[in-house]
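The working numbering numbers the first residue of the sequence shown as 6 and each following residue consecutively.
Glycine included, every Cβ here is placed at the ideal spot set by N, Cα and C.
Since this is a predicted model, take the numbers as computed values, not measurements.
Structure record follows, encoded as structure tokens.
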Amino acid sequence: MKGNKDDYGDVLRWCHEHKIRAQTDYIMMAQYNHETSNLANRLTVEEAGKVISDIMADDVDYQKAILAPDFVQRCNENQFNPERRLCGVGISSCCMVANGNVYPCAGWQEMILGNLNETPLQEIWDNSEKIKWLRGLKMKDLGGGECCKCDKAAFCAPCMVRNANESPTGNPLEINRHFCAVAAKNKQIVLDWRNEKLKAVSK
């Protein structure tokens, strides 16, 4: 957030020194009731770009992946793949809270899949109509197919709850242009870094 954008690096370094797995999420989403006042704390695209650059500078494994010979091929596979899954909700994860409600993920409290006081988790997981719908969604469903044609898709992690929470109608398939702008910044930073490193190697 704006309040800790200059300090989070110290937290990550402390975690790494103590062999604690830690990651950074630099994209704040709106509240599940579609209130957006909290987004005053969200990083601008330029501020997010600074975080992306810092993450890349510190992550040796990520650097290796970017410089790998198959990097461009992997990008193309993600960019123009209408059958690409959107995320792991209802496939590898769900979320439960104290009142028994089951959600696709922690932030998506408007999407109630069932309640454990009324229905066993196994039945919700196997038979909920909402979870079946979520499992069937692909990249081609986002924005009427716009996302699967986007040349920034490899640098974007579409998140239905981010879309839903910020959409006035709660539509998880409505494209959120802020995330598009962050994906474009991510692509620019990664490709500029990669080209610079490859040029240095070829000299």
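Need the endpoints of the alpha helix (DSSP H) that residue i sits in, please.
i	result
V65	V65 to L72
Y13	Y13 to E22
N168	M165 to E171
Quick one: is the Cβ of residue i within less than 8 angstroms of any heavy atom of the ligand ADP?
i	result
M61	What this structure holds is no ligand at all, so the ligand ADP is not there to describe.
Are residue i and residue j touching if we call contact CB-CB under 9 angstroms?
i	j	result
K190	A45	no
G93	L118	no
L17	D66	no
N181	R167	yes
How many Å lie between residue i and residue j at the Cα?
i	j	result
N120	P87	33 angstroms
C100	E123	16 angstroms
P109	D30	19 angstroms
L196	C152	20 angstroms
M165	L178	7 angstroms
R140	C185	23 angstroms
Q28	A103	26 angstroms
D11	L48	11 angstroms
R90	K143	5 angstroms
P74	E82	14 angstroms
So, at 7 angstroms on beta carbons, what are the nonlocal neighbours of residue i in its own chain, with the 5 sequence-adjacent residues on each side left out?
i	result
Y37	G112, W113, Q114, E115 and N170
D59	G14
Spatial neighbours of residue i within its chain, please: CB distance less than 6 angstroms, with the 5 preceding and 5 following residues excluded, ordered by chain position.
i	result
C80	A159
V56	Y31
C161	A188
K145	P87 and C153
Just to confirm my understanding: we take residue i, look at its own chain, exclude 5 residues before and 5 after, and list those with CB closer than 8 angstroms. What are they?
i	result
L203	L72
F76	A70 and R199
Please specify which runs of the alpha helix (DSSP H), each continuous and at least 4 residues long, are wholly inside the region 68-142, giving them in chain order.
-> 76-84, 126-132 and 134-141
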